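Number of protein chains: 2
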Amino acid sequence: MAELLKGKDVASAVMKRCSAVSAELKEQGITPTLAILRVGENESDLSYERGAEKRCEKAGVKVVKRVLPADITDFVFYGILDELNWDKNIHGILMFRPLPAYLDNERARCYINPVKDVDGCTDRSLGGIFTGKQIGFAPCTAEAVLETLDYYGIDPKGKNVTVIGRSLVIGKPVSMMLLNRNATVTICHTKTVDLPSVTRKADIVIAAAGQPEMLTKEYFREGQTVIDVGINWNEKKGKLCGDVLYEDAEPVVAKITPVPGGIGSVTTSVLVSHVVEAAKRAAEKADR
Amino acid sequence: MAELLKGKDVASAVMKRCSAVSAELKEQGITPTLAILRVGENESDLSYERGAEKRCEKAGVKVVKRVLPADITDFVFYGILDELNWDKNIHGILMFRPLPAYLDNERARCYINPVKDVDGCTDRSLGGIFTGKQIGFAPCTAEAVLETLDYYGIDPKGKNVTVIGRSLVIGKPVSMMLLNRNATVTICHTKTVDLPSVTRKADIVIAAAGQPEMLTKEYFREGQTVIDVGINWNEKKGKLCGDVLYEDAEPVVAKITPVPGGIGSVTTSVLVSHVVEAAKRAAEKADR
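Note that the protein sequences, when read in sequence, are chains A and B. For the first sequence, numbering that gives the first Met the number 0 assigns the number 287 to the last residue and increments by one with no breaks. For the second sequence, numbering that gives the first Met the number 0 assigns the number 287 to the last residue and increments by one with no breaks.
What follows is the structure, given as structure tokens:
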């Protein structure tokens, strides 16, 4: 029986910090504000948006929504992004991706004002994570992993951490963040040979492959901490599942995050914390 | 007896490519030009500079030197850097670091025009290596490692590669470059627990710790490829040495780079290749 690392408790702790900072800002007449930019009506975007809105409300963070039809012209789209980038009352921008291809995902990703890039998607934010300079923010999911480890008192220092996945949204940034926290980090991917033998050697396994229930029994050993970042829809079972086959891993390992109810539930609270922090930084800058 | 991976042969192959491109550019009336910016008379800078100048000459690359006294004002220093950044006849800038502290190393590092950043030191170049976008160039030493593996037909794809060191000059960028080449990469450092057990598991060991002869017998096993990036002065022996204790490793492993005569001899040829490539890119841009 593994210890369950529940995201809910982590999120509550993060939200408590957010509310405190948000209240301080309110006293200065500042309402931390997040702009959500969404094109179309993708179901998973809508579900994330609902969660984010709820969390923002709880922390006194205002949400401004810009919902655009899937056939928006790129002239109008980038015009709106310009407005959000320059509007002093907007502290953070969350843009759902992928966008329709004709809007140029790569351009849009880096178009966001780095100081408002609360989901760490621009080159400047990501570059800062690589060089160790604080520019903007880390991708929320990557930081949710660190928040979860911290909350449960799991110090990555000197630990062997295996990260499965090398995307810019999670695999690469979380690897760099763990490296900055003095973990010995191994980055695996689809070309890794004999992945189970690599994961079994790890003290902490971060599963971010985006493959439903890919990590079965042979990937794990006793004593490990397993952080499952995957959120996949299991057609056969008709429910959400992670990258880890939970019923295989849970009896073996020491600690594990469930799906749902794990990292996914921490992510939006991290988003809120970034908006509040962005508002705080903007206020400090204006003070100077 | 390990196979010796000699840098000289790699460098010759790189230089051959450089000379060919350089000759093409000459036909268009373009002389690829490197500016070397040096403050003071540090002996290791001077030695690297001599090597770079010799190589540049061989490939038909012009070198412009800006040698400044160690008490230069920052006003003049950044003025010169401005000139080099804007001068259309300068294609690459090599700035020796560390600079005297009052010149602000961090500022100077990122001040170089990214398209001329032939040693990959700016945030933009490094960010590009992280995100996989080609912006500027990789740090020369990191690329020298890849050139060496390529020359000797060692494909990192699917291999377990352990990198020791996490600096922005070599450890982090070479890790990302190897990851892009589909290696399974483990990044180690001073906080890694039981380093020998980690290096012994690797197919390829990249030693970039900056610690003279730190990697002794117990770090290695049969069949490994060892790339020694270290260049240290061994006071006791009165000679240059790597991070690997050569006489320990060489009888055990399959392939090894010597020090001197290994990666260090490839680095300046990579620098030349970057200058030539920067000149080529500038010409193509002017053509458009």
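C-beta: ideal position from N, C-alpha, C; glycine also. Just so you know, these numbers come straight off a predicted model, no measurement behind them.
- Item | Through-space distance from residue 32/B to residue 88/B, alpha-carbon basis | About 7 Å.
Handout entry: Per-residue DSSP class, three states only, for residue 235/B
Key = DSSP places residue 235/B in coil when its eight states are reduced to three.
Subject >> Where residue 242/A falls: helix, strand or coil (DSSP) >> reply: Shown here, residue 242/A sits in coil according to DSSP, grouped into three states, outside any helix or strand.
Rounding to the nearest angstrom, what Cα-Cα distance links residue 18/A and residue 56/A in this structure? Straight-line Cα distance between these residues: approximately 10 Å.
Determine the contact status of residue 227/A and residue 256/A, defining contact as a CB-CB distance below 7 Å.
-> In this structure, residue 256/A lies closer than 7 Å to residue 227/A by Cβ.
State the beta-bridge partners of residue 120/B as determined by DSSP.
Partner(s): none; residue 120/B has no beta bridge.
Q. Between residue 129/A and chain B, is there a C-beta pair that is closer than 7 Å?
A. Residue 129/A counts as touching chain B.
Under 7 Å between C-beta atoms of residue 160/A and residue 184/A
Taking 7 Å as the Cβ cut-off, residue 160/A and residue 184/A qualify as a contacting pair.
Three-state secondary structure (DSSP) at residue 159/B?
Three-state result, residue 159/B: strand.
From this set, 59/B, 229/B, 69/B, 27/B, which residue's C-alpha is nearest residue 37/B's C-alpha? Ranking 59/B, 229/B, 69/B, 27/B by Cα distance to residue 37/B puts 69/B first.
- Message: Tell me the residue span of the beta strand (DSSP E) that contains residue 91/A.
- Response: Segment 91-94, the beta strand (DSSP E) holding residue 91/A.
Report task. For residue 40/B, name the three-state secondary structure that DSSP assigns. Result -> Coil.
Flag residue 183/B as yes if its beta-carbon sits less than 7 Å from any beta-carbon of chain A, otherwise no. For residue 183/B, the answer is yes, since a Cβ of chain A falls inside 7 Å of its Cβ.
Within its chain, find whatever has a CB closer than 8 Å to the CB of residue 61/B; leave out the 5 residues flanking it on each side and keep chain order.
Closer than 8 Å at Cβ, skipping near neighbours: 30, 31, 32, 33, 55.
**Prompt:** Per DSSP, what kind of secondary structure is residue 191/A in: helix, strand or coil?
**Reply:** In the structure shown, residue 191/A sits in coil (DSSP, three-state: anything other than H, G, I, E or B).
Spatial distance of residue 107/A from residue 77/A (CA atoms): When rounded, the distance between both Cα atoms is 8 Å.
Q) What are the boundary residues of the beta strand (DSSP E) that includes residue 65/B? A) Following the DSSP letters along the chain, one finds residue 65/B inside the beta strand (DSSP E) bounded by residues 61-67.
Leaving out five residues before and five after residue 151/A in sequence, what residues of the same chain have Cβ atoms less than 6 Å from its Cβ? The residues 4, in chain order, have a CB closer than 6 Å to that of residue 151/A in the same chain once the five nearest residues on each side in sequence are set aside.
Practice problem: Could you work out which residues of chain A lie near residue 167/B, taking near to mean beta carbons separated by less than 7 Å? | Solution: Within 7 Å Cβ-Cβ: 130.
Exercise for the section: Please list the partners that residue 157/A has in chain B, where partner means a Cβ-to-Cβ separation under 9 Å. Expected result: Here the neighbours are 190, 191, 192.
- With DSSP as the reference, label residue 249/A as helix, strand or coil. Three-state DSSP puts residue 249/A in coil, outside helix and strand.
*Measure the Cβ-Cβ separation of residue 179/B and residue 156/B and say whether it is below 7 Å.*
Not closer than 7 Å, so no.
At the level of alpha carbons, what is the spacing between residue 74/B and residue 66/B?
Straight-line measurement puts the Cα of residue 66/B at about 15 Å from the Cα of residue 74/B.
- Please check the pair residue 187/B and residue 212/B, which I expect to be a contact at CB under 8 Å, by giving their CB distance rounded to whole angstroms. Not really, about 17 Å apart at Cβ, beyond 8 Å.
Check: Out of curiosity, what's the CA-to-CA distance linking residue 312/A and residue 120/B?
Finding: No answer is possible for residue 312/A: the residues shown for chain A start at 0 and end at 287.
* Asked: What's the C-alpha gap between residue 266/B and residue 283/B?
  -> Residue 266/B and residue 283/B: Cα-Cα distance of roughly 26 Å.
- Euclidean distance between Cα positions of residue 268/A and residue 8/A: Rounded to whole angstroms, the separation of the alpha carbons of residue 8/A and residue 268/A is 11 Å.
| message | For the beta strand (DSSP E) containing residue 81/A, name the first residue and the last one. | response | For residue 81/A, no beta strand (DSSP E) encloses it; the enclosing alpha helix (DSSP H) starts and ends at 73-85.
Q) Using Cβ-Cβ distances below 7 Å, what residues of the segment 139-154 of chain A are close to chain B? A) Across the segment 139-154 of chain A, no CB contact with chain B closer than 7 Å is found for any residue.
- request: Please confirm if the segment 130-144 of chain B is in contact with the segment 166-173 of chain B, defined as three or more CB-CB distances below 8 Å between the two stretches.
  value: Inter-segment contact for the segment 130-144 of chain B and the segment 166-173 of chain B is present: three or more beta-carbon pairs are separated by less than 8 Å.
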